[in-house]
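Chains as they are written, first to last, in this note's numbering: chain E, 88 to 332; chain D, 9 to 138.
Next comes the structure, spelled out in structure tokens:
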């Protein structure tokens, strides 16, 4: 504050205070003194309000910054690990299911071919064209077949139950993916609060699109816009047939 | 149709390779080799023991479209039948694959019947052209 500002702001107040003091007028002195004190207080309160507001916005920015740091340093790498885990889990479940299917196929094939063989002998028996020797063979084969069918059916039932249990991966992977979707939402909204678009992104986006075009986009996900996509194999067949393929 | 054909199945997911391999076995084709992208597939193709290529599009390393272009650009492989088996569903992509010389295009998820139909169609067309 300059000397002139000081004089203009406090000059009259001090003069009035001095005059009341000289006159020994206690009431007037108190009024003028209070007026000086109030004037000081108003300035202080204005400064204090400004400080409080600044502190508030600094704290808010700090919270936003530290949340972003937290997201970038911890939660995004975590999400990557979680998605890796989903990939591993689905891979294991698919292989386990196919192992069980591959084990079950030959069991069903054997039951079928044994039954076919027995069926021929059985038909001969029903037509009363079977020799005593073949009849003995039929009885032996029937016994072996029944034992085999029982054992193979048990094995097939066990494999089917395991196939069923293996599908549990969908629940687990679904939960993990849901968590990652939530994180992506949070990153999006936190970034949205940081308005800092300084460059024209259109040229970069165009290059990225061209790169993606040659590498492929992955499966079309319902609810996500993938542009002009075909609707199933029939669409593709029609399109290719139009191109002479 | 000869069941002695030698197939190369190219897909980055081992589960999908295994599914295709099993389906080919069920169709009577026992001779099936595997690769996980274009970079590993090309050397196998260049050795010269493959009669039919089935490839995915979206793979790390060399994607299927580039593999197809590389096959068509190699005089020794140029006539190889190529079936693309992929989740890529954009019309422009299918047209691009057709222009690059693909013989068939099957979209994932697919059925065993569709795979058989497309294989048979390609093989019949080639047999008729000979």
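Using N, Cα and C, we set each Cβ at its ideal position, and we do this for glycine too. Please read all numbers here as calculations on a predicted model, not as lab measurements.
Cα-Cα separation between residue 160 of chain E and residue 171 of chain E, rounded to whole angstroms = Locating residue 160 of chain E in the first chain gives position 73, where the first residue counts as 1. Locating residue 171 of chain E in the first chain gives position 84, where the first residue counts as 1. If I take the Cα positions, the gap works out to 17 Å.
Enumerate in chain order the residues of its own chain whose CB-to-CB distance from residue 330 of chain E is below 8 Å, with the five nearest sequence positions on each side excluded.
-> As a working mapping, residue 330 of chain E is identified with position 243 in the first chain. Here the set comprises nothing.
What does residue 95 of chain D touch in chain E if you count any residue whose Cβ is under 9 Å from its own?
-> In the second chain, counting from the first residue as 1, residue 95 of chain D sits at position 87. The answer, in chain order, is 303, 304, 305, 306, 307.
CA-CA distance, residue 12 of chain D and residue 214 of chain E?
-> Taking the second chain and counting its residues from 1, the one referred to as residue 12 of chain D is at position 4. Taking the first chain and counting its residues from 1, the one referred to as residue 214 of chain E is at position 127. The alpha-carbon atoms of residue 12 of chain D and residue 214 of chain E are separated by roughly 43 Å.
Can you tell me which of the three DSSP states residue 102 of chain D falls into?
-> In the second chain, the residue the question calls residue 102 of chain D occupies position 94. In this structure, residue 102 of chain D counts as helix in the three-state DSSP scheme.
So, is the C-beta of residue 103 of chain D closer than 8 Å to a C-beta in chain E?
-> By 1-based counting over the second chain, the position of residue 103 of chain D is 95. At least one chain E Cβ lies under 8 Å of residue 103 of chain D.
Cutoff 8 Å: residue 214 of chain E Cβ touching any chain D Cβ = Looking up residue 214 of chain E in the first chain gives position 127. Not one chain D Cβ lies under 8 Å of residue 214 of chain E.
Note down, in chain order, each residue of its chain lying with its Cβ closer than 6 Å to the Cβ of residue 278 of chain E, except the 5 sequence neighbours on either side.
-> Stepping through the first chain from its first residue, residue 278 of chain E is reached at position 191. Closer than 6 Å at the Cβ level, and outside the excluded window around residue 278 of chain E, lies no residue.
Going straight from the alpha carbon of residue 267 of chain E to that of residue 19 of chain D, what length do you get?
-> Numbered from its first residue, the first chain carries residue 267 of chain E at position 180. Numbered from its first residue, the second chain carries residue 19 of chain D at position 11. When rounded, the distance between both Cα atoms is 26 Å.
With 16 other CB atoms within 10 Å as the buried threshold, where does residue 65 of chain D fall?
-> As a working note, residue 65 of chain D is residue 57 in the second chain. Buried, because 16 or more other Cβ atoms sit within 10 Å of the Cβ of residue 65 of chain D.
Return the residue from the list D:90, D:78, D:17, D:22 that minimises the CA-CA distance to residue 185 of chain E.
-> Locating residue 185 of chain E in the first chain gives position 98, where the first residue counts as 1. Of the listed residues, the one whose Cα sits closest to residue 185 of chain E is D:22.
Whole-angstrom distance between residue 302 of chain E and residue 286 of chain E, CA atom to CA atom | Position 199 of the first chain, counted from the first residue, corresponds to residue 286 of chain E. Position 215 of the first chain, counted from the first residue, corresponds to residue 302 of chain E. At residue 286 of chain E, the pLDDT of 46 sits below 50, so the modelled position is not reliable and the matter cannot be decided from this model.
Name the DSSP bridge partner or partners of residue 42 of chain D?
-> Stepping through the second chain from its first residue, residue 42 of chain D is reached at position 34. DSSP lists D:17 as partners of residue 42 of chain D.
Own chain residues within Cβ distance below 7 Å of residue 260 of chain E, not counting five before or after | The residue you call residue 260 of chain E lines up with position 173 of the first chain. Excluding residues within five positions, the ones whose Cβ falls inside 7 Å are 173, 176, 177.
How is residue 92 of chain D classed by DSSP in three states: helix, strand or coil?
-> Stepping through the second chain from its first residue, residue 92 of chain D is reached at position 84. In the structure shown, residue 92 of chain D sits in a strand (DSSP, three-state: E or B).
Would you say residue 283 of chain E reaches chain D, if we count a Cβ-Cβ gap shorter than 8 Å as a contact?
-> The residue you call residue 283 of chain E lines up with position 196 of the first chain. Note that residue 283 of chain E has pLDDT 48, beneath the 50 cutoff, so the model's placement of it is unreliable and no number is given.
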